[in-house]
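The opening position of the sequence shown corresponds to residue 1 in UniProt numbering, with each subsequent residue numbered one higher. C-beta atoms are modelled at their ideal positions from N, C-alpha and C, and glycine is treated no differently.
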Amino acid sequence: MSPQATTQPLRVGIIGAGISGLTNYIALIELDNVQISIYEQAQELKEIGASIGLGPNGLRGLQRLGVHAALNDRLGIRNPSTWPMIYKHWKTNAVLGYDTHQDVPDRLHHTARFHRAHLQKVLLDAIPKSVIHLKKRSVGLEPDHDSVTINFEDGTSVTQDLVVVSDGIHSAIRQQLLPDHKNFLTGWTSFRAVYDVSLLERFRDSQEVEIPTEALHYVGPDRTFFTTPLGGNLIAVVGGYAAAQATDNEQWNVASADHRQKFMNLYKVSKTKHPAGRLQAKNKQHWAPTVRALIETAPSVRSYPGHSGSIARQWVFNSRIVLTGDAAHPIGHAGFGAGMAIDDALALFMALERIQLSSETKGTVLENALNLFQSVRKPHADRLGDFLARTGKAKSIYGKHLSEEQILEWVNGRENTAWIHEHDVNVAFGLADALSL
Ligand SMILES: Cc1cc2nc3c(=O)[nH]c(=O)nc-3n(C[C@H](O)[C@H](O)[C@H](O)COP(=O)(O)OP(=O)(O)OC[C@H]3O[C@@H](n4cnc5c(N)ncnc54)[C@H](O)[C@@H]3O)c2cc1C
Numbered sequence: 001m002s003p004q005a006t007t008q009p010l011r012v013g014i015i016g017a018g019i020s021g022l023t024n025y026i027a028l029i030e031l032d033n034v035q036i037s038i039y040e041q042a043q044e045l046k047e048i049g050a051s052i053g054l055g056p057n058g059l060r061g062l063q064r065l066g067v068h069a070a071l072n073d074r075l076g077i078r079n080p081s082t083w084p085m086i087y088k089h090w091k092t093n094a095v096l097g098y099d100t101h102q103d104v105p106d107r108l109h110h111t112a113r114f115h116r117a118h119l120q121k122v123l124l125d126a127i128p129k130s131v132i133h134l135k136k137r138s139v140g141l142e143p144d145h146d147s148v149t150i151n152f153e154d155g156t157s158v159t160q161d162l163v164v165v166s167d168g169i170h171s172a173i174r175q176q177l178l179p180d181h182k183n184f185l186t187g188w189t190s191f192r193a194v195y196d197v198s199l200l201e202r203f204r205d206s207q208e209v210e211i212p213t214e215a216l217h218y219v220g221p222d223r224t225f226f227t228t229p230l231g232g233n234l235i236a237v238v239g240g241y242a243a244a245q246a247t248d249n250e251q252w253n254v255a256s257a258d259h260r261q262k263f264m265n266l267y268k269v270s271k272t273k274h275p276a277g278r279l280q281a282k283n284k285q286h287w288a289p290t291v292r293a294l295i296e297t298a299p300s301v302r303s304y305p306g307h308s309g310s311i312a313r314q315w316v317f318n319s320r321i322v323l324t325g326d327a328a329h330p331i332g333h334a335g336f337g338a339g340m341a342i343d344d345a346l347a348l349f350m351a352l353e354r355i356q357l358s359s360e361t362k363g364t365v366l367e368n369a370l371n372l373f374q375s376v377r378k379p380h381a382d383r384l385g386d387f388l389a390r391t392g393k394a395k396s397i398y399g400k401h402l403s404e405e406q407i408l409e410w411v412n413g414r415e416n417t418a419w420i421h422e423h424d425v426n427v428a429f430g431l432a433d434a435l436s437l
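And the structure:
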């Protein structure tokens, strides 16, 4: 009989059933002698109707976690060209440049784009329904020497040996643990739509409108536009505008006819800089017919004012509480958050795998493992936070009026982000582990 069989399992409570909470469960359930429950505030698990991209790190991570269905070609769409992103001219449709994968020999690990609900479903399929407790909004944690009690809004509570906080960008638990932490509006509000690609059939023979088969990033003088095919014969379109932070009153994840009209207006004409440097009304130019057709066809458009925050300065509390996902690094809006959450789950598994787990595992032992997890992940998250602050991703074009030359400079001058999308959490774990000896 194994030593674990004589001891009570380590009780793990995960707060939040987003990509972070779900992948944490799938990773940690592989540990010996654990009993894991997920507590989610929502009444039912449904994703926002938007697209999500996973880079090689996220896809390798899901493969390692055994979520093979996520790598299915029908669920996530990879660019046939093998370039993960193609940059196009806003008006002429000409290709201006493209990103490349650096070290991704297996095509299944090439960046793939999903409908969020499809990705959520394959994660949920890997988890028994009975361990997910819905309508359990956590309102606070009460740690003591040997355990942590999670209190819920409905007046109930549950006591666990380890609590993994995965309650997202607006984490209430992070706010309790780090009261001075603040999120902010990025000033970039996006309009997003996902619809069936068959709605574009009427353009099949068009000379002007191209039905996209790859992820395309159109770059214009004062904004960009993104479109990509998704699994399940869907297509996503994303655009937006820079809003004055204090005056942006768009609601989050709300669809309205008004949004569709605003979205169309944003991509009708743009002002370009006159060669002499002046902005003139006569320099207004039309966006490519493809862009306008893709927006006009969207049956429904939703708005998403961007939120962000600094990387939480501490991820481990009272030896038994750890932050993961957007709760730890609230920068998911930049398009890296899902892969980051998956890497968190793998690193947390690797850190806990090396200790004997039971309800009697001492706080000091757990704390060492959690600190190792933090030392693997936080430097990477900090580097990403610095990168985003430096490049001002959300605002680099918006509100400006780039000339044709400046548009080309923008495309050619973009930074290589392979260190983010192709991050190898195993290597990072090995390095942090060696340093901790
Ligand atoms: C519009 C949009 C587009 C994005 N596109 C991309 C992309 O293309 N690529 C990418 O990698 N990332 C993208 N991201 C970011 C990515 O979705 C997140 O970083 C990632 O899903 C990790 O989220 P999470 O699980 O930490 O948080 P969430 O997905 O927010 O999940 C948190 C969960 O916790 C629950 N919860 C919250 N508070 C409580 C509480 N008090 N008690 C119990 N439960 C609670 C919530 O209901 C939710 O289910 C995008 C984000 C947005 C908003």
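With DSSP collapsed to three states, give me the class of residue i.
i           : result
Tyr-398     : coil
Asp-344     : helix
Lys-88      : strand
Pro-289     : helix
His-423     : coil
Ala-381     : helix
Phe-336     : coil
His-367     : The question names His, but residue 367 is Glu in the sequence shown. Looking at Glu-367 - three-state DSSP - the assignment turns out to be helix.
Gly-16      : coil
Glu-409     : helix
residue 509 : No information on residue 509 is available, as it lies outside the stretch 1 to 437 that the chain covers here.
Ala-27      : helix
Asp-196     : strand
Ser-2       : In this prediction, Ser-2 has a pLDDT of 49, which is less than 50 and means its spatial position is unreliable; what the coordinates show is noted afterwards. DSSP places Ser-2 in coil when its eight states are reduced to three.
Pro-56      : helix
Thr-361     : coil
residue 489 : Since the first and last residues shown for the chain are 1 and 437, residue 489 lies out of range.
Thr-7       : coil
Val-376     : helix
Gly-155     : coil
Thr-213     : coil
Ile-38      : strand
Beta carbon of residue i, beta carbon of residue j: below 8 Å?
i       : j       : result
Ser-20  : Ser-166 : yes
Leu-234 : Asp-196 : yes
Leu-45  : Ala-338 : no
Arg-113 : Ile-77  : yes
Leu-22  : Leu-124 : yes
Leu-62  : Leu-71  : yes
Ala-236 : Ser-51  : yes
Thr-111 : His-421 : yes
Measuring from the CB of residue i, is there a heavy atom of ligand 1 at a distance below 7 Å?
i           : result
Arg-174     : no
Lys-136     : yes
Asp-326     : yes
Glu-40      : yes
Gly-187     : no
Leu-408     : no
Ser-359     : no
Tyr-25      : no
Gln-343     : Correcting the residue type first, residue 343 is Asp in the shown sequence and not Gln. Because no heavy atom of ligand 1 lies under 7 Å away, the Cβ of Asp-343 does not count as near it: no.
Ile-235     : no
Gly-53      : yes
Tyr-304     : yes
Phe-349     : no
Ser-310     : no
Ala-338     : yes
residue 448 : One cannot answer for residue 448 here, as it falls past the ends of the chain, which runs 1 to 437.
Ile-19      : yes
Gly-335     : yes
Ala-418     : no
Ala-369     : no
Ser-270     : no
Any idea which residues DSSP pairs residue i with across the strands?
i           : result
Thr-228     : Ala-236
Val-219     : His-89 and Thr-224
Arg-78      : Ala-112
His-307     : Leu-185
residue 438 : Here the chain covers residues 1 to 437 and nothing more, so residue 438 does not appear.
Gln-160     : Val-148
Arg-302     : Arg-192 and Ala-255
Ala-242     : Trp-188
Ile-132     : Ile-38
Given 8 Å, three or more beta-carbon pairs between the stretch 122–138 and the stretch 149–168: yes
Meets three-Cβ-pair contact criterion under 8 Å: the stretch 402–414 and the stretch 216–227: yes
Touch test, the stretch 283–301 against the stretch 156–176, Cβ-Cβ under 8 Å, three pairs minimum: no
Segment contact, 8 Å Cβ cut-off, at least three pairs: the stretch 22–33 with the stretch 378–385: With the cut-off at 8 Å, the stretch 22–33 and the stretch 378–385 do not touch.
Validate contact between the stretch 186–193 and the stretch 204–211 using beta carbons, cut 8 Å, 3 pairs: no
The stretch 320–330 touching the stretch 171–179, judged by at least three CB pairs closer than 8 Å: At 8 Å Cβ cutoff, the stretches touch.
Any 3 or more C-beta pairs closer than 8 Å across the stretch 360–370 and the stretch 309–319: yes
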